[in-house]
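For the sequence shown, my numbering gives the first residue as 127, with consecutive numbering after it. Just so it is clear, CB atoms sit at the ideal spot from N, CA and C, and this is done for glycine as well.
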Amino acid sequence: MKIFLETFGCQMNEYDSELIRSILRSHDHTFVEQLDQAEVALLNTCAIRENAHERIYHRLDDLKGRKRRQKNLVVGVLGCMAQNLRQELAEHAPIVDIVAGPDSYKRLPQLIDSVRGVGEKGFDFSLSEYETYSDIAPQRQPGVNAWIAIMRGCDNFCTFCVVPYTRGRERSREPQNIVAEVHRIAAEGFKQVTLLGQNVNSYRYEQSDFADLMASVAEVPGIRRVRFTSPHPKDFPRKLLHTMATNPKLCKHIHLPLQSGSDSVLDRMNRTYTKRELLHLVDEIRAIMPEVSLTTDIICGFCGETDQDFEETLDVVRRVEFDSAFMFKYSQRRQTIAERKFHDDVSEEVKTQRLMRLIEVQRDISKKRNLTEVGNTYEVLIEEPSKKDPNEWLGRTDHYKGVVFSDDSVKPGDFVQVRINAAGTNTLRGTAERQGWRRLPVMASPAACCEH
Ligand code: SAM
Ligand code: SF4
Numbered sequence: 127m128k129i130f131l132e133t134f135g136c137q138m139n140e141y142d143s144e145l146i147r148s149i150l151r152s153h154d155h156t157f158v159e160q161l162d163q164a165e166v167a168l169l170n171t172c173a174i175r176e177n178a179h180e181r182i183y184h185r186l187d188d189l190k191g192r193k194r195r196q197k198n199l200v201v202g203v204l205g206c207m208a209q210n211l212r213q214e215l216a217e218h219a220p221i222v223d224i225v226a227g228p229d230s231y232k233r234l235p236q237l238i239d240s241v242r243g244v245g246e247k248g249f250d251f252s253l254s255e256y257e258t259y260s261d262i263a264p265q266r267q268p269g270v271n272a273w274i275a276i277m278r279g280c281d282n283f284c285t286f287c288v289v290p291y292t293r294g295r296e297r298s299r300e301p302q303n304i305v306a307e308v309h310r311i312a313a314e315g316f317k318q319v320t321l322l323g324q325n326v327n328s329y330r331y332e333q334s335d336f337a338d339l340m341a342s343v344a345e346v347p348g349i350r351r352v353r354f355t356s357p358h359p360k361d362f363p364r365k366l367l368h369t370m371a372t373n374p375k376l377c378k379h380i381h382l383p384l385q386s387g388s389d390s391v392l393d394r395m396n397r398t399y400t401k402r403e404l405l406h407l408v409d410e411i412r413a414i415m416p417e418v419s420l421t422t423d424i425i426c427g428f429c430g431e432t433d434q435d436f437e438e439t440l441d442v443v444r445r446v447e448f449d450s451a452f453m454f455k456y457s458q459r460r461q462t463i464a465e466r467k468f469h470d471d472v473s474e475e476v477k478t479q480r481l482m483r484l485i486e487v488q489r490d491i492s493k494k495r496n497l498t499e500v501g502n503t504y505e506v507l508i509e510e511p512s513k514k515d516p517n518e519w520l521g522r523t524d525h526y527k528g529v530v531f532s533d534d535s536v537k538p539g540d541f542v543q544v545r546i547n548a549a550g551t552n553t554l555r556g557t558a559e560r561q562g563w564r565r566l567p568v569m570a571s572p573a574a575c576c577e578h
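Rendered as structure tokens:
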């Protein structure tokens with residue numbers, strides 16, 4: 127069959143789509159780029175926030191019209207939303223033929239056959255304690271970075287979060303199996319690998335912990351950079367920080383999801399750390415890796431969040447000075463502990479006001495931190511042409527700063543020394559330096575500023 131697969135949400139979903147491609151290709155299905163050419167339309171979905179649901183329902187509305195014209199089009203909803211809203215999808219979206227959760231991808235060929243063969247709808251939302259898809263080689267699109275899930279599920283039960291219900295219990299893959307996959311990734315030409323997990327630094331397989339795994343992955347020849355996402359602040363033992371600090375292939379960037387700076391909100395969120403402990407961890411990280419960059423996730427307007435609680439969050443943001451942040455309004459998710467236990471009592475208006483204020487504060491900090499980079503020279507891994515000007519490249523430093531520059535003698539996957547000469551809120555701008563070129567002194571001035 128000709129399959130159109132559309133992915134919504136996070137990198138884990140992108141990775142799952144690579145697994146889905148591999149599973150379906152091995153059953154002689156092919157993939158098409160355009161929905162018009164498809165016999166089967168699959169949406170691999172996300173359930174993290176309300177707007178993810180809205181986008182997917184909107185897409186299903188489009189597919190409803192299409193299905194009127196193309197009666198035998200098979201429509202499938204896969205992934206987290208499928209798991210989270212299975213009943214609603216099965217009952218209220220009559221155009222949906224297949225609903226399959228994140229542990230049911232291996233059943234997809236069978237579900238498609240049963241819809242096309244006997245016209246029977248196929249639903250599978252069983253969650254597994256063991257499924258890690260370690261026997262499936264993901265079908266990656268060629269590129270610079272390869273994602274690799276080293277664990278699945280999450281046992282943390284942060285009260286706002288739907289992941290433990292959509293992706294089930296936490297389980298880690300065998301390290302030998304992960305390293306073997308990284309060898310294949312290197313042989314395919316990828317220069318960077320990003321280890322993925324919902325709580326990636328709680329990885330453990332028998333005696334092997336996350337630091338051991340990172341060190342083994344970094345030994346794979348051909349892999350020049352190793353990253354990871356998303357860690358939880360509770361799982362940063364010194365061993366991990368020292369492993370990161372001493373191995374040049376382990377990138378000096380930590381995405382450290384804060385969520386809130388208020389102890390009472392953190393407690394209601396079940397984050398298991400306090401503001402003080404988080405600030406202490408940041409100090410420790412920076413003492414061991416002074417060059418590290420820190421990014422974060424923050425939720426505004428969680429149940430019971432007062433103006434004072436929000437000020438505590440701003441206080442942490444100002445004290446830590448994250449390099450950048452993903453900032454969200456709290457959106458109540460079905461099945462979560464917060465839905466059962468707390469009132470979603472912060473008005474939409476207040477959530478929006480707090481989010482706007484937080485974004486403003488963080489933008490100033492990001493810009494200020496980026497301006498300190500002017501005058502430095504970094505090794506930049508070229509990712510792709512810049513979106514604003516395809517004659518320029520977008521690459522990244524080891525510490526995850528996006529850098530825009532031009533050089534017509536290089537290509538994605540190359541490493542280039544780039545001297546930073548301007549900085550905006552989101553990106554740096556620089557000039558490629560060739561070996562043998564004489565470096566001219568450049569005045570770093572706060573006016574040297576770009577908005578990419
Ligand atoms: N595992 C990561 C952690 O421990 O923080 C988070 C992964 S979650 C998929 C990505 C981000 O989405 C979270 O860090 C949080 O900021 C945000 N998020 C999750 N549930 C949310 C909700 N109900 N409303 C708003 N934002 C939410
Ligand atoms: Fe969700 Fe918390 Fe698990 Fe992150 S650690 S996926 S926020 S439950």
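Cβ of residue i within 9 angstroms of Cβ of residue j?
i, j, result
"Q461", "Y291", "yes"
"K360", "D335", "no"
"R212", "A263", "no"
"D389", "T398", "no"
"L143", "N170", "For the sequence presented, residue 143 should be read as Ser rather than Leu. It is a contact, given that the beta carbons lie within the stated cut-off."
"I411", "F452", "no"
"A549", "V487", "no"
"N282", "N396", "yes"
"A558", "V536", "yes"
"L554", "K317", "no"
"A337", "T369", "yes"
"I349", "S386", "no"
"G315", "G539", "yes"
Quick one: grab the DSSP three-state call for residue i.
i, result
"H358", "coil"
"A570", "Note that A570 scores 39 on pLDDT, short of 50, meaning its location in the model is unreliable; the coordinates nonetheless yield the value given after this. Reduced to three states, the DSSP call for A570 is coil."
"V352", "strand"
"K128", "strand"
"S390", "helix"
"G67", "Lying before the first or after the last residue shown, residue 67 is absent from the chain, which here runs from 127 to 578."
"Y399", "coil"
"M138", "helix"
"E475", "helix"
"S450", "strand"
"K232", "helix"
"Y291", "helix"
"Y456", "coil"
"D239", "helix"
Beta-carbon within less than 8 angstroms of residue i's beta-carbon, same chain only, minus the 5 sequence neighbours each way: which residues are those?
i, result
"Q209", "A173, G227, P228, F251, L253, Y291, T292 and R293"
"Q163", "K128 and F130"
"K193", "L199, V201 and I221"
"Q137", "W273, T320, L322 and T355"
Please return the same chain residues whose Cβ sits closer than 7 angstroms to the Cβ of residue i, not counting the five positions on each side in sequence.
i, result
"N517", "S532"
"R480", "C426, G427 and F436"
Compute the Euclidean distance between the alpha carbons of residue i and residue j, then round it to the nearest angstrom.
i, j, result
"F130", "K190", "15 angstroms"
"D515", "R560", "22 angstroms"
"P383", "A275", "19 angstroms"
"F454", "G243", "44 angstroms"
"Y183", "V203", "10 angstroms"
"F468", "T432", "14 angstroms"
"F541", "G269", "14 angstroms"
"I238", "L440", "50 angstroms"
"D449", "Q196", "49 angstroms"
"R147", "R295", "24 angstroms"
"T320", "T133", "19 angstroms"
"R545", "V418", "19 angstroms"
"G430", "Y456", "11 angstroms"
"V408", "M482", "25 angstroms"
"M569", "C280", "Caution is warranted here: a pLDDT of 41 is assigned to M569, below 50, making its placement in the model unreliable, and the coordinate value is therefore given only provisionally. Going by the C-alpha atoms only, they are around 48 angstroms apart."
"Q265", "E438", "44 angstroms"
"E214", "Y141", "26 angstroms"
"F249", "I224", "6 angstroms"
Buried or exposed: where does residue i fall if 16 or more other Cβ atoms within 10 Å of its Cβ makes it buried?
i, result
"S298", "buried"
"V472", "buried"
"G562", "Its pLDDT being 48, under 50, G562 is placed unreliably in this model, and the value from its coordinates should be taken loosely. Burial call: exposed."
"K220", "As written in the sequence, residue 220 is Pro, which differs from the Lys given in the question. With fewer than 16 Cβ atoms within 10 Å of its Cβ, P220 is classed as exposed."
"T285", "buried"
"Q434", "exposed"
"I303", "Here residue 303 is Asn; the residue named in the question, Ile, does not match the sequence. Exposed is the call here."
So, for residue i: in the same chain, excluding its five sequence neighbours on each side, which residues have a beta-carbon less than 6 angstroms away from its beta-carbon?
i, result
"R489", "T551"
"V343", "V308 and V352"
"M277", "S298, G323 and Y329"
"P235", "H153"
"V446", "V408"
"Y331", "S298, E300 and P301"
Around ligand 3, Cβ to any heavy atom closer than 6 angstroms, ordered along the chain: Ligand 3 is not among the ligands present in this structure, which contains only ligand 1 and ligand 2.
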